[in-house]
Amino acid sequence: KDGEIYTADLKSKALAFTMAHALELGDKMISINLLPMTLVNEPDAVSFLLNEIKANALVPEQIIVEFTESEVISRFDEFAEAIKSLKAAGISVAIDHFGAGFAGLLLLSRFQPDRIKISQELITNVHKSGPRQAI
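Here my numbering is used: the first residue of the sequence shown is 18, the next is one more, and so on.
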């Protein structure tokens with residue numbers, strides 16, 4: 018079923034936060050990957066994440082939520098609102114594998130991530146490729 022992947026994606030983050038708490042990471046940063054459409058398709062996804070962070074004695078400022086461009090974001094305005102909510106709560110957001118997927122510069126310009134992780138395909142042998150250097 019289509020929606021089950023988003024439910025599983027969100028619930029796996031609860032498990033990740035539980036594991037982070039058990040590892041007693043202190044104030045170390047924790048990065049999690051999240052499918053972009055999970056924020057749109059799962060009701061109260063942002064509240065769920067914030068509650069799980071708090072329940073595991075973590076703070077939003079130590080969490081980085083990474084999104085890849087591998088999934089088309091079909092409801093961009095709703096996605097952008099969810100990103101604003103995450104950032105307002107203190108969570109950092111990142112684009113993972115930037116340049117390897119669908120949204121590219123549009124995604125970068127619309128939600129202004131705190132971090133960008135550039136796709137290895139763009140930087141491998143960059144010194145040998147004029148087009149890659151230009152990018």
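We put the CB at the ideal spot given by N, CA and C, even for glycine.
Check	Outcome
Lys45 to Ile70 span [Cα, whole Å]	14 Å
Within the region 35-83, ranges of the alpha helix (DSSP H) (whole runs, at least 4 residues)	55-58, 62-72
Paired residues, beta bridge with Arg92 - DSSP	In DSSP, Arg92 forms no bridge with anything.
Simplified DSSP state of Asp26, which is helix, strand or coil	helix
C-alpha distance - Ala62 paired with His144, whole-angstrom precision	42 Å
Same chain only: Cβ atoms within 7 Å of Phe96, ignoring 5 sequence neighbours per side	Pro53, Leu56, Val57, Ile90
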